[in-house]
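The structure appears below as structure tokens.
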Amino acid sequence: MPDIVTIQNGDAESFWSQFPDCFTDLKALGYTPEVQAKFPQFKRTELEVGDKAYAMPWDTGPVVMFYRRDLYEKAGVDPATIVTWDDFIAAGKKISEANPGVVMSQADLNGDDEFMRMIGNEQGCNYFSDDGGEITINQPACVSTLDTIKSSRILEPSLPQNGMRKSSRSSPAKWPQMYGGWYEGTLRTNAPDLAGKWGVYAMPSVTADGLHAANVGGSALGITSISANKEAAYAYLNYAWHQRRADLHAQGLWACAFVDLGPRRSLCAREAALLG
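The sequence shown begins at 9 in the numbering used here and counts up one residue at a time.
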């Protein structure tokens, strides 16, 4: 068993509830309120139970739309004009006409709820209340999210998520793909011959003046309770976090424009470097 483990935020609470004695309370090692306050609250919610903190946030999954520049250019579609989901659907029809066999699609809507969670997160909708005490799916934000999903499916039945991840990313048949920023590594690794053809733009919103930001995925780092090197492991977590932040600053990636995202949102200046 390693000293440090990586846990996806979305799965974290399952570990705490089933194996509460398998992880170390980081507060006992120096994870003070001052250190905690350096992380966004939404990243800490699943990692803290009562007065215990079982993991430290590591990365997030800011949602963007990955697309093939060449396919959009052939159809005369400027991604900057795609502000709403209606715009996305209209653009998809043009792209399909200009590129036979190419459709706009997302992760499997029936086998996984990521599409629902991404748009829902953007709209302020969730299945449950913040305290987990109520089911909150029957609210206007969730209704508009589900209506959007229903209307967007007219373009093409979606490729199942597992199939999408296992199939060749170089195939243009089902692009763009809305996912967390971490998907960039998947594209770069699996389709190196297409370097320079990928681009990103902000996810569409339900309304023209709506938000264009959401999160999906992201992970945290915890220390196992059986570790014989807890203090050293925590010291490493602190070092790794501070070093990563310094690296992001040095590369010009800190507070990338994935945060702005108003109707005339800008893109990260480092898009070309990230995507070839």
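Just so you know, even glycine gets a beta-carbon here, dropped at the ideal spot from N, CA and C. For clarity, every value in this text was computed on a predicted model and none was experimentally measured.
| Query | Result |
| --- | --- |
| In the DSSP assignment, find the alpha helix (DSSP H) that holds P41 and state where it starts and stops. | P41 to Q44 |
| So what does DSSP say about Y209, is it helix, strand or coil? | strand |
| In this structure, how does DSSP classify T68 when only helix, strand and coil are distinguished? | coil |
| For L229 versus L245, is the C-beta spacing smaller than 8 angstroms? | yes |
| Terminal residues of the continuous beta strand (DSSP E) containing I145? | Unbroken run through I145: none, as it is neither H nor E. |
| Just to confirm my understanding: we take A222, look at its own chain, exclude 5 residues before and 5 after, and list those with CB closer than 6 angstroms. What are they? | V71, M126, N129 and E130 |
| Grab the span of the beta strand (DSSP E) containing S227 for me, first residue to last. | S227 to I231 |
| If P212 and I90 are in contact, beta carbons under 8 angstroms, what's the gap, nearest whole angstrom? | 6 angstroms |
| Note down the Cα distance separating S233 from C30, rounded to an integer number of angstroms. | 5 angstroms |
| What is the DSSP secondary structure of N223, counted as helix, strand or coil? | strand |
| On the criterion of 16 or more Cβ atoms from any shown chain inside 10 Å, does E105 qualify as buried, or is it exposed? | exposed |
| Might you give, ordered along the chain, the residues of its own chain that have their beta carbon closer than 6 angstroms to the beta carbon of R77, omitting 5 neighbours on each side? | K205 and G207 |
| So what's Y244 in DSSP terms, helix, strand or just coil? | helix |
| Just to confirm the assignment, what range does the alpha helix (DSSP H) spanning G193 have? | Y191 to N198 |
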